[in-house]
Amino acid sequence: MWYVYLLIWFLGGMWLAHPLRAQNNLLPLEALEEVKFFTNLDEALEKPDEVFALQLRNQGLENVPREIEKFKNLQYLDLALNPIQQLPKELFGLRNLQVLDLWGAQLQSLPPQLKDLLNLRLLYLDYNQLMRLPEEIGQLKKLEVLDLAGNQLQSLPVQLGNLSNLQVLGLKQNQLVKLPQRLDSLDRLRVLDLEANQLQSLSPGLAQLKSLEYLYLSHNLLEDFPAEIGQLSQLRFLFLEHNQIKRVPADLPDMPRLEVLQMGDNQLKSLPLGLCNLRSLPVLGLKNNLLETLPAEMRQMQALKTLLLENTRLESFPMVLLELENSSCLACAIISSKHCHPKSKA
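Printed below as a string of structure tokens:
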């Protein structure tokens, strides 16, 4: 799961700079990667106090073993790809648990006792059958990664805003029609994945996510470029493909940290002047739109290195591209080779 690698990348520097001593037997997450991973329950039960990581992935388990409560030092539990429908009370006595992976199980609900896992930092619930979340999930104050992709969520509890340490929130492939209230409380959030939902607009609180670096909004029902995005000063990657976007705010500010903006497969008939304000943007994807021309204002985008324009209605090479410092034959070829007449390289 790619969220794991992002988290390690985000937090790894902090771990190395400030090594943590085990407190209450808790290990730093990178140290958990070095301990023995038990993959056999019977073997683990022989020395339960020595079990820090238990990996029972894809073992055909229909229930979480009741013996799980014997592993008082357990900090990593992988139960992914088992047909588990319910979580037993014994699981919630594992007060040292930091990583819980239930990806690809068959959970339809979560009990309120989830709140008892006070040291939980990474929680993977992606590709289950969840229709709602308990309010108590907001009490997991140490949670840094919450992956809920591929469920059936139509709404989220406001208590989600209490997760003040959350850095990665995965909500891809759900049925969300709006964002939760108090989203603005997640001021450490760096990754927000809302791809493949039913969002028609975003909440104003999104603008307060000042740490956000990755925002995935592809395959939704957006008709306008969300104005709130312009206030995300740390945003680096923005994905808006496969929406119904026709308009972009004319006063969209330059977003100096933005590296990639993908807006392919929308309904843009002309390049909005607001996008021309993105003077620092290196990569812009506009394929499969209805573009017929590019505005002269595009000459402001001097940082642009890659422009994706496949399957648009451009009938000739846009000469304004020749005024960009980074224009090259390679960049032009992505439009159509028959229209490529860039200035030759020195």
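Each residue of the sequence shown is one higher than the one before, counting from 409 in our numbering.
Don't be surprised by glycine CBs; every beta carbon is placed ideally from N, CA and C.
Values in this document were obtained by computation on a predicted structure and should not be read as measured data.
- Around the C-beta of N448, fewer than 16 other C-beta atoms lie within 10 Å, and the residue is accordingly described as exposed.
- Per the coordinates, the alpha-carbon of D509 lies some 26 Å from the alpha-carbon of L617.
- The alpha-carbon separation between L502 and E477 amounts to approximately 7 Å.
- Around the beta carbon of G638, a 10 Å sphere encloses 16 or more other beta carbons of the protein chains shown; the residue is thus reported as buried.
- In the three-state scheme derived from DSSP, where H, G and I count as helix and E and B as strand, L522 is classed as helix.
- Taking 8 Å as the cut-off, the Cβ atoms of G672 and K695 count as close.
- A distance below 7 Å between beta-carbons, with the five flanking residues on each side excluded, links K497 to the following residues of its chain, in chain order: Q521.
- Contact check for D632 against G578 fails: the beta carbons are separated by 8 Å or more.
- V566 carries a helical assignment under DSSP once its states are collapsed to helix, strand and coil.
- Taking C-beta separations shorter than 7 Å and ignoring five residues to either side along the sequence, the partners of L528 in its chain run L505, Q506, L508, L548, K550, L551, following chain order.
- The three-state reading of DSSP puts L614 in helix, counting H, G and I together.
- For L717, there is no enclosing beta strand (DSSP E), as DSSP gives it neither H nor E.
- Assignment of L620 by DSSP, reduced to helix, strand and coil, places it in the coil class.
- Judged by their CB atoms, L679 and L666 are not nearer to each other than the 8 Å cut-off.
- Around the beta carbon of E649, 16 or more other beta carbons lie within 10 angstroms, which makes this residue buried.
- Contiguous beta strand (DSSP E) elements confined to the region 448-518 occur at 461-463, 484-486, 507-509, taking only those with 3 or more residues.
- Counting the other CB atoms within 10 Å of its CB gives P661 a total below 16, which places it among the exposed residues.
- Using a 10 angstroms sphere on the CB of Q670, the tally of other CB atoms reaches 16 or more, which defines it as buried.
- According to DSSP, Q670 shares a beta bridge with F647, G693.
- Of the other Cβ atoms in all chains shown, fewer than 16 fall within 10 Å of the Cβ of E441; this residue is therefore exposed.
- Take N481, set aside five residues on each side of it, and the residues of its chain with a beta-carbon closer than 7 Å to its own are N433, D457, V459, F460, N504, in chain order.
- For V728, the secondary structure class from DSSP, reduced to helix, strand or coil, is helix.
- Contact check for L610 against P634 passes: the beta carbons are separated by less than 8 Å.
- Boundaries for L530: no alpha helix (DSSP H) harbours it, while the beta strand (DSSP E) harbouring it runs 530-532, taken from the DSSP string.
- Straight across, the Cα-Cα distance linking L732 with L602 is about 33 Å.
- Residue pairing by DSSP places V553 opposite L530, V576 in a beta bridge.
- For the set L584, L554, Q514, the Cα lying nearest the Cα of L538 is the one of Q514.
- In this structure, DSSP gives L683 a helical state, which the three-state scheme calls helix.
- Of the candidates L530, E475, Q493, Q493 places its Cα closest to the Cα of L518.
- Nearest in C-alpha terms to K444, of all of V472, D450, Y484, P473, is Y484.
- D662 sits in coil when the DSSP states are folded into three classes, being neither helix nor strand.
- Restricting attention to Q516, L487, K580, L530, the CA atom closest to the CA of E438 is found in L530.
- Scanning its chain for C-beta atoms nearer than 7 Å, with the 5 sequence neighbours on each side dropped, one finds around L681 the residues A658, P703, E705, in chain order.
- Taking each of Q583, M709, R474 in turn and checking the Cα distance to F500, the smallest one comes out for R474.
- The continuous beta strand (DSSP E) containing L600 extends over residues 599-601.
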